[in-house]
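A short worksheet on the structure shown next.
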Amino acid sequence: MSDTYLKVILISAVGGLYLIAYALFYVGTQVYSAGSISI
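Each residue of the sequence shown is one higher than the one before, counting from 1 in full-length UniProt numbering.
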């Protein structure tokens, strides 16, 4: 494997995790601001 190939995989993995974390944070914020669910 070349370094370029490994870098592409690494960036893709980090980017995917970032998008998932952002999506969860966004949904959590929407639910919290709605106030429909009280913890």
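Glycine is no exception: its CB is placed at the ideal position from the N, C-alpha and C atoms.
Short of 8 Å in beta carbon distance, which residues of its chain neighbour LEU10, apart from the five on each side in sequence? Order them along the chain. Reading the sequence shown from its first residue, position 10 is the one you call residue 10. There are no such residues.
Just curious, the alpha helix (DSSP H) that SER33 is in, first and last residue? Locating residue 33 in the sequence shown gives position 33, where the first residue counts as 1. Unbroken alpha helix (DSSP H) run through SER33: 3 to 34.
Tell me which same chain residues have a C-beta within less than 8 Å of the C-beta of VAL14, skipping the five on either side of it? Here the question's residue 14 lines up with position 14 in the sequence shown. No residues qualify anywhere along the chain.
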